[in-house]
Amino acid sequence: MQLVLAERTPVAEDTLRLRLAPASGQGLRPFAPGAHLALSFAGLERRYSLTSDPAGVDYYEIHVLRVRPSRGGSEYLHEQAQPGERMDAAGPFHAFALQEDAPRSVFIAGGIGITPFLTMMAALERRGRSFALHYAARRAERLLPLPPYRHGDVHRYSAADGVRLQVPELLAGLSPALPLYVCGPRGLIESVRQCAAALGWPAVRVRFESFGAAQRPGDRPVLVRLARSGLSIEVAPGRSILDALLENGVWTGYECRRGECASCVTEVLAGTPDHRDFCLTEAQRSHSLCTCVSWAQSAELVLDL
Ligand code: FES
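Just so you know, the sequence shown maps onto residues 1 to 305 in the UniProt record's numbering.
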């Protein structure tokens, strides 16, 4: 499917709302709340939660935060993409499902992690189902404006103003019987999962969606050697090992690109991985890594590819 960038609108600090219309003039597929789209532009593929009306077929909307340092996607969309540009798109994909009949739902959003919840909360609002949103950002200017909700309580947190989300206290007051959704940076998701585990909640009670690969301070280039094909690929920080493999014509499976599904798991024959996934056990991590998000502590990794 080809889409055309129709509008770009600043909606919060460092955040654009992009409206994408069908290039063919035909209608777009409706989607379920929480769905995302895979967009290809400037030689990159990135996934974004859909934030427009799920029933609408005239256009899709996404929100894009300008990330610093950027792996290329947010920088391109903020600095270079202009109305009229065509982009290939796949989806919508549904990997973060809403339980619409729950009597009450709780959402925890960190920064741009609010995006899948916009359509979820709208769906609950339409059904008259109660929900609470705990929405945290580094600065209040980064919080997206939200519509008034009749059935939802919204709690905003801004670290710069000293109003911090306290995950242990929040979870201690929740019932594990209600669905809890988390989306945001890795630290937030891990904090929620650890607190839930400490409270004895089954792991499946916490439904989460992460942001995927992100460069960390101190990341150094890694030389990835492929034992079977004999290829050697230098991967710079800010790119994922998976992207480097695919760009060099190496076939390897993948799906979520966020370290959640284990589709990209690859045997490590030598070197020390820096694991950044949410899905592998410690036993699996002892001999393999998720190429979509993980990095290396050593200068080289030898993979069984
Ligand atoms: S593609 Fe899902 S964990 Fe890597």
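Just so it is clear, CB atoms sit at the ideal spot from N, CA and C, and this is done for glycine as well.
N-terminal and C-terminal residue of the beta strand (DSSP E) that residue i is part of
i	result
D153	G152 to S158
P10	Q2 to A12
I112	First-last for I112: undefined, no H or E at that position.
E300	E300 to L303
P92	R86 to F93
G184	L180 to G184
Assigned secondary structure, residue i (DSSP; H/G/I helix, E/B strand, else coil)
i	result
T281	coil
L77	helix
C264	coil
C292	coil
V250	coil
S24	coil
S105	strand
D219	coil
E61	strand
Expected contact under 8 Å - CB spacing of residue i and residue j to nearest Å
i	j	result
A55	P30	5 Å
R19	Y59	5 Å
R156	Y181	Their Cβ separation, rounded to whole angstroms, is 17 Å, which puts R156 and Y181 out of contact at 8 Å.
L44	P92	With 8 Å as the limit, L44 and P92 do not qualify as a contact, their Cβ atoms being about 19 Å apart.
L144	T9	Not a contact, Cβ separation roughly 12 Å.
Y149	M120	The Cβ separation is near 12 Å, so there is no contact.
Run of the alpha helix (DSSP H) containing residue i, from where it starts to where it stops
i	result
T115	T115 to R127
L242	I241 to E247
E45	From DSSP, E45 is part of no alpha helix (DSSP H) but of the beta strand (DSSP E) over L44 to S49.
A172	V167 to A172
Nearest neighbour of residue i, chosen from the options [CA to CA]
i	options	result
L231	H78, P148 and E247	E247
residue 306	L77, R186 and D88	Missing from the structure shown is residue 306; the chain here goes from 1 to 305 and no further.
A236	R220, G111, E61 and R47	R220
V302	C261, P92 and I241	I241
A12	V64, C292 and E300	V64
Discussion item. With three or more C-beta pairs closer than 8 Å as the rule, is the segment 175-189 touching the segment 91-111?
Written reply: yes
Discussion item. Using a Cβ distance threshold of 8 Å, determine whether the segment 255-273 contacts the segment 295-302, with at least three qualifying pairs required.
Written reply: Counting C-beta pairs closer than 8 Å gives three or more between the segment 255-273 and the segment 295-302, which meets the contact rule.
Discussion item. Measuring CB atoms only, is the segment 119-130 touching the segment 221-232, in the sense that at least three cross pairs come out at less than 8 Å?
Written reply: no
Worksheet item: Between the segment 178-198 and the segment 110-117, do three or more beta carbon pairs fall short of 8 Å?
Response: yes
Discussion item. With three or more C-beta pairs closer than 8 Å as the rule, is the segment 254-266 touching the segment 201-218?
Written reply: yes
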